[in-house]
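Worksheet: one structure, shown below.
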Amino acid sequence: MKSCYYQVIFSCALVALSLHSVTAEVINFRECPGEAKCVLTDVSITPCPEAAEGRACTVYSGSNVTISFDFTPAFSSNELTADVYWTQPALDLPFIGMDPAACKYTACPVTKDTKQNYSYDLNIKKSYPARQYDVKWKLVGENGDECCMILQINITKKKKRT
């Protein structure tokens, strides 16, 4: 009877550890310069164990990560596009391979002052150079109103997490 009890405890512990390892970590981000047209909250990248320490997420070439956030726009729009850039002081370079159809990843139309979630599975292509990047992520409404943030990721060529 005791061995059955210990097996149940061990199984519960394994399930708890498994769930913890796939839990999204809320990351640090900053709003883009200019007038804020959105409130952004609960920005997360999965997996990103570095977020618990306030560091940039390490993502591996050839892997996928999920970027998710809540946003409350100060505007209404029937359509949204997603524009993602590697931002530098002098210029923004478009993130190659990004699907700009944001309504596939959040509900459209968006309504002013209504909180909703955006979630996107991002493929980190093997061709991306290994280094730390500031990534500018915008959701742009049909009238040019936008939600915009900048987050950091560190792309590495090392072996994927297991």
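Letter by letter, the sequence shown follows residues -24 to -1, 1 to 138 of mature numbering (1 follows the signal peptide of the UniProt record, and there is no 0). Ideal Cβ placement from N, Cα and C applies to all residues, glycine included.
Taking only the alpha-carbon atoms, compute the straight-line gap between residue i and residue j and give it to the nearest angstrom.
i	j	result
Tyr104	Gln64	16 angstroms
Thr57	Cys79	7 angstroms
Ser(-4)	Ile129	Confidence in Ser(-4) is poor, its pLDDT being 40 and thus under 50, which makes the residue's placement too unreliable to answer from.
Lys134	Pro70	24 angstroms
Val111	Tyr61	6 angstroms
Lys114	Thr48	13 angstroms
Cys14	Ile131	28 angstroms
Ala77	Lys91	19 angstroms
Arg31	Leu127	11 angstroms
Lys88	Val19	20 angstroms
Asn4	Met125	10 angstroms
Ala50	Tyr109	28 angstroms
Leu67	Arg107	17 angstroms
Tyr81	Pro23	19 angstroms
Glu122	Val35	26 angstroms
Ala83	Arg6	24 angstroms
Glu118	Asp75	17 angstroms
Name the DSSP beta bridge partners of residue i, please?
i	result
Leu16	Phe47
Ile129	Cys33, Tyr109
Gly117	Leu56
Glu39	A quick correction: the sequence has Ser, not Glu, at residue 39. Answer is Ile100.
Thr87	Answer by DSSP bridge pairing: none, since Thr87 is not bridged.
Could you tell me how far apart the beta carbons of residue i and residue j are, in whole angstroms, since I believe they sit closer than 8 angstroms?
i	j	result
Cys8	Ile21	Not a contact, Cβ separation roughly 18 angstroms.
Glu1	Ala28	6 angstroms
Lys102	Ser37	5 angstroms
Asp46	Thr17	5 angstroms
Asn54	Pro85	4 angstroms
Asn99	Gly120	Actually they do not touch by this definition, with Cβ atoms about 28 angstroms apart.
Quick check on residue i: does DSSP put it in helix, strand or coil?
i	result
Glu26	helix
residue 186	Only positions -24 to 138 of the chain appear in the structure, and residue 186 is not among them; the question remains open.
Phe71	coil
Asn93	strand
Glu7	strand
Original post:
Is it true that the segment 29 to 48 meets the segment 84 to 96, where meeting means three or more beta-carbon pairs spaced less than 8 angstroms apart?
Top reply: yes
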